[in-house]
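Enquirer:
In full-length UniProt numbering, the protein residues as written are 1 to 331.
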């Protein structure tokens with residue numbers, strides 16, 4: 001039969017209340033008594049009843065994480081950063097994959113609320129009004145990762161997607177490219193990747209280059225989108241270079257160019273976004289904008305735990321630094 005809190009109290013020679021204070025990290029217990037209680041817990045192999053504790057404290061020491069696409073190489077690295085911090089503070093994680101479906105995201109938010117999670121790290125495909133309305137209604141402590149709300153009222157950790165895309169497009173321009181394609185999310189989408197098209201356009205206009213719709217393809221962020229997008233652009237005109245809103249898009253675009261008998265980077269420069277693991281081993285190795293994915297997860301989790309414990313958060317919206325990584329897909 002598993003040891004109870006009463007057994008621990010008897011073994012340590014203290015009251016049940018003292019054991020409870022130690023388990024809940026209340027400072028009034030002196031170090032010597034605390035040591036005896038912890039030794040008794042270890043000796044008896046005692047594990048607190050999480051359900052009973054949560055009913056009393058209204059805390060479950062569980063945090064929900066919603067990701068859009070578990071098959072993407074971006075999110076496991078973000079989750080790893082979040083998990084490492086959660087482990088330090090003894091929080092458990094509940095991972096939810098929304099399959100890029102806003103309705104599924106909303107259902108997961110409701111489920112996590114019912115499961116009484118203490119907070120949510122939320123990586124949304126689209127912060128549409130209906131989702132924001134539900135977030136406000138549920139009132140769960142939350143931090144957005146890789147995206148922000150338009151009003152900036154929900155704590156977030158991201159990079160400056162517009163500036164990062166601007167840097168990528170300007171890098172292509174400085175290499176002498178004038179006909180620069182874009183494959184990625186449309187700027188009207190309510191998510192971070194949409195800002196990459198805004199940055200691309202801004203770079204072209206500030207360098208006196210025309211923004212032409214025939215050089216743009218709007219879709220998702222997967223390799224198939226890159227392949228189809230590249231073929232669609234080539235049907236209308238040739239390009240000197242293409243800015244891809246994700247590394248997966250870049251891989252698909254390169255394969256399409258290869259199938260058309262065009263060489264990268266000899267004939268077309270290709271730049272990606274994210275710096276996923278595969279970007280460094282794909283052929284040719286992809287020049288890309290690196291997001292600090294692990295840091296986004298770890299910083300977001302630290303913020304969320306502070307919010308849960310009603311501690312002061314230094315910044316409400318963290319903007320981490322991006323970096324342009326030069327490889328072999330640009331000449």
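Even glycine gets a Cβ: it sits at the ideal position worked out from N, Cα and C. Predicted, not measured: the structure shown is a model, and the values here were computed from it.
Could you check whether residue 86 and residue 93 sit closer than 9 Å to each other, using their CB atoms as the reference points?
Expert: Contact: yes.
Enquirer: Verify whether the separation of the beta carbon atoms of residue 138 and residue 122 is less than 9 Å.
Expert: Contact flag unset, no.
Enquirer: Would you report the Cα separation of residue 244 and residue 166, rounded to the nearest angstrom?
Expert: Taking the straight line joining both Cα atoms gives about 12 Å.
Enquirer: Since residue 330 and residue 259 are thought to touch, with beta carbons under 8 Å apart, how far apart are those beta carbons, to the nearest angstrom?
Expert: At roughly 20 Å, the Cβ-Cβ gap does not stay under 8 Å, so residue 330 and residue 259 are not in contact.
Enquirer: Tell me, to the nearest whole angstrom, how far the beta carbon of residue 11 is from that of residue 34; I am working on the premise that it is less than 8 Å.
Expert: The Cβ separation is near 14 Å, so there is no contact.
Enquirer: Can you pull the DSSP bridge partners for residue 97?
Expert: Paired residues: 67.
Enquirer: Just to check my reading of the structure: residue 287 and residue 274 have Cβ atoms closer than 8 Å, yes? What is that Cβ distance to the nearest angstrom?
Expert: Rounded, the Cβ-Cβ distance is 12 Å, inconsistent with contact.
Enquirer: Runs of 3 residues minimum, wholly inside the stretch 215-252: which ones carry the beta strand (DSSP E) assignment?
Expert: Here the runs fully enclosed are 216-218, 241-244.
Enquirer: Can you list, in chain order, the residues of its chain with a C-beta nearer than 6 Å to that of residue 281? Leave out the 5 residues immediately preceding and following it.
Expert: Excluding sequence neighbours, residue 281 sits near nothing in its chain.
Enquirer: Specify the secondary structure class of residue 270 as computed by DSSP and reduced to three states.
Expert: Three-state result, residue 270: strand.
Enquirer: For residue 199, report the span of its alpha helix (DSSP H) as first-last.
Expert: 194-206 is the span of the alpha helix (DSSP H), which, as asked, contains residue 199.
Enquirer: Going straight from the alpha carbon of residue 84 to that of residue 91, what length do you get?
Expert: Each residue's Cα considered, the two are about 10 Å apart.
Enquirer: Buried or exposed for residue 111, going by 16 or more other Cβ atoms inside 10 Å?
Expert: The residue is exposed, with fewer than 16 neighbouring Cβ atoms inside 10 Å.
Enquirer: Once DSSP output is grouped into helix, strand and coil, what is the label at residue 171?
Expert: If DSSP states are grouped into helix, strand and coil, residue 171 belongs with the helices.
Enquirer: Measure the C-alpha to C-alpha separation of residue 218 and residue 185 and round it to an integer number of angstroms.
Expert: Computed Cα separation, rounded: 5 Å.
Enquirer: Flag this pair as touching only if the stretch 226-239 and the stretch 201-209 have three or more C-beta atom pairs under 8 Å; answer yes or no.
Expert: Cβ pair count under 8 Å is below three, so no.
Enquirer: Looking at the unbroken beta strand (DSSP E) that takes in residue 134, where does it start and where does it end?
Expert: No beta strand (DSSP E) contains residue 134, which is instead part of the alpha helix (DSSP H) from 129-138.
Enquirer: Here's a check: name, in chain order, each residue in its chain whose Cβ is nearer than 7 Å to the Cβ of residue 211, leaving out the five neighbours to either side.
Expert: If we look at residue 211 and ignore the five residues flanking it on each side, its Cβ neighbours are 201, 204, 205.
Enquirer: To which residues of the same chain is residue 48 closer than 7 Å at the C-beta, ignoring the five residues directly before and after it?
Expert: Once the five neighbours on either side are set aside, the close Cβ partners of residue 48 are 23.
Enquirer: Rounded to a whole number of angstroms, what is the C-alpha to C-alpha distance between residue 254 and residue 151?
Expert: If I take the Cα positions, the gap works out to 37 Å.
Enquirer: Quick check: residue 46 and residue 16, are their CB atoms within less than 9 Å of each other?
Expert: Taking 9 Å as the Cβ cut-off, residue 46 and residue 16 do not qualify as a contacting pair.
Enquirer: State the Cα-Cα distance for the pair residue 321 and residue 37, rounded to the nearest angstrom.
Expert: Each residue's Cα considered, the two are about 45 Å apart.
Enquirer: Considering only DSSP beta bridges, list what residue 184 is partnered with.
Expert: 218, per the DSSP bridge assignment.
Enquirer: Helix, strand or coil for residue 121 per DSSP?
Expert: Residue state, collapsed to three classes: strand.
Enquirer: Going along the chain, which residues of its own chain have a beta-carbon closer than 7 Å to the beta-carbon of residue 55, five neighbours each way excluded?
Expert: In this predicted model, residue 55 has a pLDDT of only 49, less than 50, meaning its place in the structure is not dependable enough to derive any value.
Enquirer: For the alpha helix (DSSP H) that residue 301 lies in, which residues bound it at each end?
Expert: Residues 293-308.
Enquirer: Assuming contact is defined by CB atoms lying nearer than 9 Å, are residue 158 and residue 319 in contact in what I supplied?
Expert: A contact, by the Cβ cut-off of 9 Å.
Enquirer: When DSSP labels each residue in this structure, what does residue 326 get in the three-state scheme?
Expert: It is coil, neither helix nor strand.
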